[in-house]
Amino acid sequence: MGAPADGPGRRRRQARVGLAAWLPVLLLATVPVQAPAQAATSLGTLTLHTDNDFYVSRRDRHYTSGLQLSWTSAADGVPGWMRRLALLPGHEPDARVHWALGLGQNIYTPAGVALRTRRYRDRPYAGWLYGSWGLARVSGAGLDAAMLHLGMVGRASLAEPTQEWLHGAMGMKPPRGWEKQLNNELGGALVLSRQRRLRRPPAEDRTGFELTAHGTVCLGNVFTYGGGGVGARWGKGLAGDFGHARISPGLPGASTFERREGWAWAAHLGAEVRVVARNLFLDGNTFTESARVPRRVFVADAEAGVSLTYRNARLTYALVVRSEEFDEQQGPDLFGTLSLAFIP
193 MGAPADGPGR RRRQARVGLA AWLPVLLLAT VPVQAPAQAA TSLGTLTLHT DNDFYVSRRD
253 RHYTSGLQLS WTSAADGVPG WMRRLALLPG HEPDARVHWA LGLGQNIYTP AGVALRTRRY
313 RDRPYAGWLY GSWGLARVSG AGLDAAMLHL GMVGRASLAE PTQEWLHGAM GMKPPRGWEK
373 QLNNELGGAL VLSRQRRLRR PPAEDRTGFE LTAHGTVCLG NVFTYGGGGV GARWGKGLAG
433 DFGHARISPG LPGASTFERR EGWAWAAHLG AEVRVVARNL FLDGNTFTES ARVPRRVFVA
493 DAEAGVSLTY RNARLTYALV VRSEEFDEQQ GPDLFGTLSL AFIP
């Protein structure tokens, strides 16, 4: 009997093909990094951001892992054409412009990946490996951001070997069922967000309160949705930033923050409701037959967390509750988010 049509050899070949497809995009995206860094007085901000349900439970369920490494420029390290683009169609007099690059991977699975059988119709296995480029306009009044994510869904996302390695490293049972994951597909999403301060924190380095409202629109074959929400922070030194950035979809924020001499801290609460027209990880592949589940139109996130800043480093931890995303989902999802931002 011959080898199965979907055996390990074919999966490895598909992963190599997909890897070759997105690598040129990443290489082209990183070319401009050198010129601004040489001319800037600051090297910008490096951020490592992770989402994982392991932070709250030892099980994989739905959006089980998100990993993103990003670099955000200093305000004095933005090329002229990017600055002109970011300042359209209008801006506050004190607006600062930043640009950003990132590399990320999202992993989605059914509940209980070590099980051989499912008790109900669960979401398919899927992964997304992507590069990001974006602009942010920051002022005392608010934050405007545009971020483009482009990469590969399917075996080319390398989600299967990533999860297998993580399970082995943590002594967990190997995941089963990745042979049924979504097919390779080029996936993109353009995320536009606007956040405004309804109550500004004190400008001085004092303890204070901040209240914000935001709106978000995302367009693409990976995600298409519109949403809005509110956020509140209480802490010391809030005026210099808008809280930590999240992996999409999620509440808005900024990777940039101000270098300081001592400590700053914040506790935050936030919520967002989205009207979802497209979620590739639930709807299945755009042009080929694949597993899929009936998607819900309305999805809500609620988040609570804390952050601690010392000099040129900021550490943030938050807990996120996400409402049911598909019809047969049994209860909301819960995951933790941990990020470390550093100004070199």
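Using our numbering, the first residue of the sequence shown is number 193, and each one after it goes up by one.
Think of the CB as a built atom: it goes at the ideal place given N, C-alpha and C, for glycine as much as any other residue.
Through-space distance from residue j to residue i, alpha-carbon basis
i      : j      : result
LEU511 : THR529 : 6 Å
GLU450 : ALA492 : 31 Å
LEU526 : VAL513 : 5 Å
GLY497 : GLY332 : 23 Å
PHE518 : THR256 : 16 Å
PRO486 : LEU461 : 30 Å
PRO285 : HIS254 : 43 Å
PHE246 : GLY258 : 11 Å
GLY369 : ALA431 : 47 Å
ASN471 : TYR509 : 26 Å
PRO524 : GLU516 : 5 Å
ARG389 : TYR322 : 31 Å
GLN522 : ARG313 : 10 Å
TRP273 : GLN260 : 26 Å
MET193 : GLY346 : Since pLDDT at MET193 reaches only 39, below the 50 mark, its modelled position is unreliable, and no value is offered.
LEU235 : ARG503 : 15 Å
VAL383 : GLY304 : 31 Å
ARG276 : GLU520 : 47 Å
LYS372 : PHE415 : 21 Å
THR478 : GLY296 : 21 Å
ALA459 : SER249 : 23 Å
SER499 : ARG452 : 15 Å
Contact under 8 Å by Cβ, residue i with residue j
i      : j      : result
THR501 : TRP455 : yes
ARG329 : ALA287 : yes
ALA424 : PHE434 : no
PHE534 : THR264 : no
ALA437 : HIS290 : no
ILE439 : ASP243 : yes
ASP397 : GLY427 : no
Close Cβ partners of residue i (< 7 Å) along its chain, the five nearest in sequence each way excluded
i      : result
VAL489 : VAL467 and VAL468
TYR417 : CYS410, PRO441, ARG466, VAL467, VAL468 and ALA469
GLN179 : The first residue shown for the chain is 193 and the last is 536, placing residue 179 beyond what the model contains.
ALA278 : VAL289, LEU327 and ARG329
LEU474 : ARG315, ARG484, VAL485, ARG487, GLU517 and PHE518
PRO393 : GLY400, PHE401, GLU402, LEU430 and ALA431
Nonlocal neighbours in the same chain, by C-beta distance under 8 Å from residue i, ignoring five residues either side
i      : result
THR480 : ASN375 and GLU377
SER482 : PRO316, LEU374, ASN375 and GLY476
PRO366 : ALA306, GLU356, HIS359 and GLY360
ARG420 : In the sequence under discussion, the amino acid at residue 420 is Gly, which differs from the Arg named in the question. Result list for GLY420: ALA405, HIS406, GLY407, THR408, GLU464 and VAL465, in chain order.
ALA292 : SER262, TRP263, THR264, SER265, SER324, TRP325, GLY326, LEU327, ALA328, MET339 and SER447
Proximal residues to residue i (C-beta, below 6 Å), its chain only, five neighbours per side dropped
i      : result
GLY210 : Summary for GLY210: the model assigns pLDDT 46, below 50, so the residue's position carries little reliability; its value from the coordinates is reported in the next sentence. Excluding positions up to five away in sequence, the list reads MET344, ALA348 and ASN376.
GLY380 : LEU342 and GLY412
LEU532 : LEU240 and LEU507
THR354 : none
GLY363 : none
GLY294 : GLN260, SER262 and SER324
GLU352 : TRP370
ALA337 : ALA328 and SER385
Host beta strand (DSSP E) of residue i (start-end)
i      : result
GLY323 : 318–330
ALA492 : 490–502
VAL512 : 505–514
LEU532 : 525–534
GLU402 : 399–412
Element boundaries [alpha helix (DSSP H), containing residue i]
i      : result
MET145 : Outside the modelled stretch of the chain, which goes from 193 to 536, sits residue 145, for which no answer is possible.
ARG276 : 272–278
PHE473 : 472–475
Within-8 Å CB hit, residue i to chain D
i      : result
ASN504 : Chain labels in this structure do not include chain D; a single protein chain is all it has.
> Would you call the stretch 318–331 and the stretch 296–306 touching, i.e. three or more CB-CB distances under 8 Å?
Replying inline: yes
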